[in-house]
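What follows is a set of notes on a single structure, which appears directly below.
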């Protein structure tokens, strides 16, 4: 019985972390290509500095997930990426709680970006 309760709790936590929050847009890496030069967007990469240094998209600035996002502009859309989309989704939820309204998560993250842009 205890095992089932633990399994239910773990599944519930995973669902909570992966479920998109209302008011947060999601785009694919293909859609990201079409907006990378939009001056009305701020691009942030929430991976660790080491991950960012190893490979990044030049329009993205590195602001790790545990950082304070309060200094980001509120008059621009914030586009967030990580390695897989999980940390960026968490960052989007954090930004939403801080009162940011125009937030976009890049689904699949750098892993998907790299798969599509090889060669």
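In the UniProt record's numbering, the protein residues as written are 1 to 119.
Think of the CB as a built atom: it goes at the ideal place given N, C-alpha and C, for glycine as much as any other residue.
When DSSP states are grouped into helix, strand and coil, residue 41 belongs to the strand group. Within the model, the alpha-carbon separation for residue 72 versus residue 7 is close to 38 Å. When the Cα atoms are used, residue 102 and residue 91 turn out to be separated by approximately 13 Å.
Residue 69 has no beta-bridge partner at all, per DSSP. DSSP, reduced to helix, strand and coil, places residue 83 outside both helices and strands of the structure shown, so it counts as coil. Comparing C-alpha distances from residue 56 to each of 64, 66, 45 and 96 shows the shortest one belongs to 45.
Classified as exposed, residue 61 has fewer than 16 neighbouring CB atoms from the shown chains inside 10 Å of its CB. Under the DSSP assignment, residue 61 falls in the beta strand (DSSP E) whose first and last residues are 60-62.
When secondary structure is reduced to three states using DSSP, residue 24 falls in the strand class. When DSSP reads this structure, residue 105 sits in a beta bridge with 26 and 80.
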